[in-house]
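According to mature numbering (1 follows the signal peptide of the UniProt record, and there is no 0), the residues represented by the sequence shown are -25 to -1, 1 to 348, in order.
Yeah, the Cβ is synthetic: ideal placement off N, Cα and C, and Gly gets one too.
In this text the structure is predicted, and so the values were computed from the model without any measurement.
Take a look at the structure below.
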Amino acid sequence: MKARYLTTAAAAALALAGLATAANAAGKWDGGDDLATSPLECGMGPAAPAAPMKYDGGQPTNAADKAGKEIVVVDVPKLIGIGYFNATAKGIQDAAKDIGNVKAKTDGPTEAKIDEQIKFIDNYITSGVDGILFAANDPVAIAPVLKKALSKGIHVVGYDANSTPDAREWFVNQSPFNGIAKSMVDAMAKETGEDGSFAIVTSTFTTPNQARWIAEMQAYAAKCHPKLNWLETVEAQEDNNLSFNQATTLINKHGDKLKGIFGMTSVATPASAEAVTKAGQCGKVAVVGLATPNAMKPYVHSDCVKSVVLWNPIDLGYAATYVMRAAVDGKLKPGDTSVDAGKLGKLNVINGSEILLGAPYIFDKANIDKFDF
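Below, the structure is given as structure tokens:
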């Protein structure tokens, strides 16, 4: 596990030393965790159904009976002020309006710093709320304050980026980690060729969802695109300037060898596309990543980016709010297999205590203008 906490410079040094230079290199990605990977089948084959798992979430202690009554919920994402979490916040407000007896607000740090996120959550525990929604900057570091909330009778539901399961009741998973991995790697192989060399710009090696996506990408690439060459992975926080600079450094460092960049965040992907554009490398360096359509429209329309992988973050916030309401009302209990999510219909429970939003969506030139977030 200690390798998860390597600095960007150290990770780059390891990559240059040949310890993680290929997608099918022996051992795990240096930033990975201890969880097993489950790569999907190659090509277009259907995913095998997951085996049911026992509920592994936590439970609030002596929670007030608020079934059918108005509840006050605070949403504390990784950070506020970026398009992605503006979209999840909109979904939360849309759901609160549709439900009618939920008062919700979004508040949090302006930088993706776990210590700041913990302070915000702790302050709302003290001031008193009925429920906390969160997207974790670090799955382990956030756990104690979430467990504190549960101990105070506050309902806790995660979305986008998980905590350790016992620190919250439910987690709304935007898409299976292996599904995101398959979509990303297949798109990169299509654009660079089966033997293309790529690099990754992520936020931090400890950000839970990104760490899992990358681990699954490595496993899927080894299985289905074994000749893809993984150059290195660099950190850029959730910072636009740093993401642009890191992508520019990758372009300059690897030259003609670099055929593609994966952006693992809604900040890193457009910043990487801008770096490729400024370097005059459109058509030579593919950019494949997770981002909101509005941020990527200029690059898609200029043909610098062919496709963008994401889910609808508005729906993600919407679903999390319905899950919170159902948990408070006692309509979603350990052992249940689905939950009603309003206009989204019934969503399935997977992995014991996760709610699955759905498969990833591919935005491209033909459909990206249909979306506004």
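Check	Outcome
Contact between the stretch 337 to 347 and the stretch 274 to 287 is defined here as three or more beta-carbon pairs at a separation below 8 Å; is this criterion met?	yes
Between which two residues does the alpha helix (DSSP H) containing ASP97 stretch?	89 to 102
Which residues does DSSP pair with VAL263 in a beta bridge?	PHE237
So if DSSP puts GLY133 in a beta bridge, which residue, or which two residues, is it bridged to?	PHE109 and PHE146
Kindly give me the distance between the Cβ atoms of ARG88 and ASN61, rounded to whole angstroms, as I take these residues to be in contact under 8 Å.	The sequence shown places Lys at residue 88, not Arg. About 19 Å separates the two Cβ atoms, so there is no contact after all.
Does VAL242 pass the burial test, meaning 16 or more other C-beta atoms within 10 Å, or should it be called exposed?	buried
What is the C-beta distance between ALA196 and GLY33, in whole angstroms, given that I count them as a contact (C-beta under 8 Å)?	Actually they are not in contact, since the Cβ atoms of ALA196 and GLY33 sit about 35 Å apart, beyond 8 Å.
How about ALA39 and GLY128: do their beta carbons lie closer than 8 Å?	yes
Assign PHE315 to one of three DSSP states: helix, strand, or coil.	Before going further, note that residue 315 is Asp rather than Phe in the sequence given. DSSP places ASP315 in strand when its eight states are reduced to three.
From GLN193 to TYR274, what does the alpha carbon distance come to, in whole angstroms?	26 Å
Which value, in whole angstroms, describes the spacing of the CA atoms of ALA1 and ILE330?	In this predicted model, ALA1 has a pLDDT of only 33, less than 50, meaning its place in the structure is not dependable enough to derive any value.
According to DSSP, VAL51 sits in a beta bridge with which residue or residues?	PHE109
Hey, out of TRP205, LEU203, ASN204 and THR223, whose CA is closest to ALA211's CA?	THR223
Report the three-state DSSP secondary structure of SER172 (helix, strand or coil).	strand
Just tell me which of GLU169, THR167, GLU144 and ASN220 has its CA closest to the CA of THR177.	ASN220
So for ASP40, helix, strand or coil by DSSP?	coil
For ASN234 versus ALA261, is the C-beta spacing smaller than 8 Å?	The residue you asked about is not Asn; residue 234 is Lys in the sequence shown. Yes, Cβ-Cβ distance for LYS234 and ALA261 is below 8 Å.
Can you confirm whether the stretch 121 to 141 touches the stretch 284 to 300 when touching is taken to mean that 3 or more C-beta pairs between the two stretches lie within less than 8 Å?	yes
Over what stretch of residues does the alpha helix (DSSP H) that includes PHE60 continue unbroken?	58 to 74
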